[in-house]
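Some notes on the structure that comes next.
Numbering (my numbering), first residue to last: 989 to 1186.
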């Protein structure tokens, strides 16, 4: 991990002064209880009861989610789109091949323009490590950034989905042993999984 990313983790730019998540950028550095709180919240949304689903259907009313994927994705982008819509948000999937970043506009300028149009939540994926962190440092407190994968650095939402699946299947996973197979040196998912399991 680069020195710049290490300093980003040290600053914990994803936490507000009250210790609550402003952004979800990485699982590294988050207290175990915060990760368990995320899993417990996710459990509330994983029910098939139509009454419960109806209660959740307006949680993000009047909010706009922009999926800003500079790197190709099928499952992650679609999952965020469906989740946002199920919670009542307006969801915009930008075609990054047609953004002004292709003409030299910076990612921050793009985000600032969209934020000025009342975007509340940006879900960001990029092949460059640290993009979501960079954006999070430059948005107002009412705008939230979710890292949907950045370079070889992190994929916190995938790691949490994996932890959720393990917990649903095995219950308490604190006593389990895990083997992560593959090119873990270059895997943002493996890096996030390892951090979540520690």
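A virtual CB, placed ideally from N, CA and C, is assigned to each residue, including glycine.
message: Contact defined as beta carbons within less than 8 Å: I believe residue 1080 pairs with residue 1055. What is the distance between those atoms, to the nearest angstrom?
response: 7 Å
query: What are the partner residues of residue 1052, as DSSP defines its beta bridges?
result: 1078
query: Among the residues of its own chain, which have a CB less than 6 Å from the CB of residue 1125, if the five just before and after it don't count?
result: 1001
field: residue 1152 and residue 1030 closer than 8 Å at C-beta
entry: yes
query: Does the stretch 1006-1015 come close enough to the stretch 1126-1146 to have 3 or more Cβ pairs within less than 8 Å?
result: yes
field: Residue range of the beta strand (DSSP E) that includes residue 1136
entry: 1132-1138
query: Quick one: Cα of residue 1042 to Cα of residue 1035, how far?
result: 11 Å
field: Sequence ranges, alpha helix (DSSP H) only - wholly within the stretch 1087-1149, length at least 4
entry: 1095-1104, 1119-1124
Selection from 1154, 1066, 1100 that minimises the alpha carbon distance to residue 1162: 1154
Residues near residue 1076 by beta carbon distance below 7 Å, same chain, minus five either side: 1045, 1046, 1047, 1048, 1049
- request: Take the Cβ of residue 1033 as the centre, count every other Cβ of all protein chains shown within 10 Å, and call the residue buried at 16 or more, exposed below.
  value: exposed
task: Can you grab the Cα-Cα spacing for the pair residue 1104 / residue 1114, in whole Å?
output: 22 Å
Counterpart residues of residue 1012 in DSSP-defined beta bridges: 1134
message: Using 8 Å as the threshold, is the C-beta distance between residue 1095 and residue 1119 below it?
response: yes
- request: Classify residue 1178 as buried or exposed, calling it buried when 16 or more other Cβ atoms lie within 10 Å of its own Cβ.
  value: buried
task: Could you check the C-alpha separation between residue 1164 and residue 1180 for me, to the nearest Å?
output: 17 Å
task: Classify residue 1058 as helix, strand or coil using the three-state DSSP reduction.
output: coil
task: Please classify residue 1136: is it buried, with 16 or more other beta-carbons within 10 angstroms of its beta-carbon, or exposed?
output: buried
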